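>
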Amino acid sequence: MGKPTLADLQAFMVVAARRSFSQAAGELGVSRSALSHAMRGLENDLAVRLLHRTTRSVSLTEAGERLLARLRPVLGDLDRALEDVAHDDQALRGTLRINGSEGAIRQLLQTVVPRFLAMYPQMELDLVSEGRFVDIVAEGFDAGVRLGEAVHKDMIAVRISENLRFLAVASPRYLRKHGRPTVPEELQAHRCIRQRLPGGKRYRWEFERHGQAVTIDPPGALTLDSNTLMVEAALDGLGIAYVPESYARDALARKRLVAVLSEWCPEIPGLFLYSPGNRHIPAGLRAFIDLLRSGAG
1 MGKPTLADLQ AFMVVAARRS FSQAAGELGV SRSALSHAMR GLENDLAVRL
51 LHRTTRSVSL TEAGERLLAR LRPVLGDLDR ALEDVAHDDQ ALRGTLRING
101 SEGAIRQLLQ TVVPRFLAMY PQMELDLVSE GRFVDIVAEG FDAGVRLGEA
151 VHKDMIAVRI SENLRFLAVA SPRYLRKHGR PTVPEELQAH RCIRQRLPGG
201 KRYRWEFERH GQAVTIDPPG ALTLDSNTLM VEAALDGLGI AYVPESYARD
251 ALARKRLVAV LSEWCPEIPG LFLYSPGNRH IPAGLRAFID LLRSGAG
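Residues in the sequence shown are numbered consecutively from 1, following UniProt numbering.
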């Protein structure tokens, strides 16, 4: 059995997180063929197969899963040692990876990101925006940003926005033609612009008033997967959309859209940055959180 190098073990961790040689190679700054060759060498050194390879994807074998589980704490200790040295030198270095929805990442870009990059020029921010709710640990992220109600209780969470609410909106032209619903159940007689969630399911509209909760699976011939597109469709008079208020605020102010059922649309907890509560917080993430808490963004 050969002796694996630290670089090969770290590369294996990246491949395991990305489940893709192409993505991992891009992150590591090497060619796909060089990375594949390195992983073959690692498997030869350990005399065990670690990865299942297909033309489009990579998955871990049982041995690969065991190695990954053992490497995480070991390399985590190494990362912490290096971060402590960097912190003592007052010069944070490394990459901070954060996952969130497009709206969540936009919130960070408009607040804390500019100041963080100015204060820590040797840090690199890798912000990934996507609609699906990912396992940030399994996919190699340091933190995620989601609505407070979607964050698990075992996470450390820091608020990054005020409370928000979803609103049902429609164009004045649509309402003149089809009437205005006064209770959620009346939506069943309307054309609704439905939303497809990243997992494939359609979003069910949730309303509440005086403790009475109503969930509607809205009817409609149009389904979209973007809040921005849903607002545009509502502006075109194609139906009633149910979107975060921030997406419709400009059109509402210009009276190009009208909110309906507003009394059935209470506020919900806003956006939170979260990270695992049972893991060491990297120095870069600590600095990012400190800026969030201080309101420095």
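Quick reminder that beta carbons are idealized off the backbone N, C-alpha and C, glycines included. Fair warning: this is a prediction, and the values are worked out from it, not measured in the lab.
Would you call the region 126–137 in contact with the region 164–173, where contact means no fewer than 3 C-beta pairs closer than 8 Å?
no
> When burial is assigned at 16 or more other CB atoms within 10 Å of the CB, is Asn44 buried or exposed?
exposed
> With a threshold of 16 other CB atoms inside 10 Å of the CB of Asp142, please say whether the residue is buried or exposed.
By the 16-neighbour rule on beta-carbons within 10 angstroms, Asp142 is buried.
> At which residues does the alpha helix (DSSP H) containing Thr228 begin and terminate?
Asn227 to Leu235
> Shortest alpha-carbon distance to Cys192 belongs to which of Trp264, Leu238 and Leu175?
Leu238
> Note down the Cα distance separating Arg49 from Gly64, rounded to an integer number of angstroms.
7 Å
> Look up Pro73 in the DSSP assignment and say whether it is helix, strand or coil.
Shown here, Pro73 sits in a helix according to DSSP, grouped into three states.
> Would you give the residue range spanned by the alpha helix (DSSP H) that Glu102 belongs to?
Boundaries of the alpha helix (DSSP H) harbouring Glu102: Glu102 to Gln110, taken from the DSSP string.
> How big is the Cα-Cα spacing for Gly144 and Lys177?
43 Å
> Contact between the region 118–127 and the region 93–108 is defined here as three or more beta-carbon pairs at a separation below 8 Å; is this criterion met?
Taking a cut-off of 8 Å for Cβ pairs, the region 118–127 and the region 93–108 touch, as three or more such pairs fall below it.
> Relative to the alpha-carbon of Ala251, which residue among Arg202, Arg204 and Ser171 has its alpha-carbon at the smallest distance?
Ser171
> Assuming Ala287 is part of the alpha helix (DSSP H), what are its boundary residues?
Looking at the DSSP string, the run of the alpha helix (DSSP H) that includes Ala287 is Ala283 to Ser294.
> Could you tell me the distance, in whole angstroms, from the CA atom of Phe288 to the CA atom of Gln110?
Distance between the alpha carbons of Phe288 and Gln110 is about 14 Å.
> On the DSSP letters alone, give me the boundaries of the alpha helix (DSSP H) that Val15 sits inside.
Leu6 to Arg18
> Which residue's Cα is closest to the Cα of Leu224: Val243, Ala16, Asp290 and Ala11?
Val243
> Roughly how many angstroms separate the alpha carbons of Arg202 and Pro266, rounded to a whole number?
21 Å
> State the beta-bridge partners of Gln122 as determined by DSSP.
Per DSSP, none; premise fails for Gln122.
> With distances taken Cα to Cα, identify the nearest neighbour of Arg159 among Arg249, Tyr274 and Arg194.
Ranking Arg249, Tyr274 and Arg194 by Cα distance to Arg159 puts Tyr274 first.
> Out of Phe207, Arg56 and Met13, state which residue places its alpha-carbon closest to the alpha-carbon of Leu42.
The option with the nearest alpha carbon to Leu42 is Met13.
> Excluding the five sequence neighbours on either side, which residues of its own chain have a C-beta within less than 8 Å of the C-beta of Asp89, listed in chain order?
The predicted model places Asp89 with a pLDDT of 46, which falls under 50 and marks its position as unreliable; any figure quoted below should be read in that light. Excluding sequence neighbours, Asp89 sits near nothing in its chain.
> Just to confirm my understanding: we take Ser101, look at its own chain, exclude 5 residues before and 5 after, and list those with CB closer than 8 Å. What are they?
Ser129, Glu130, Gly131, Val145 and Arg146
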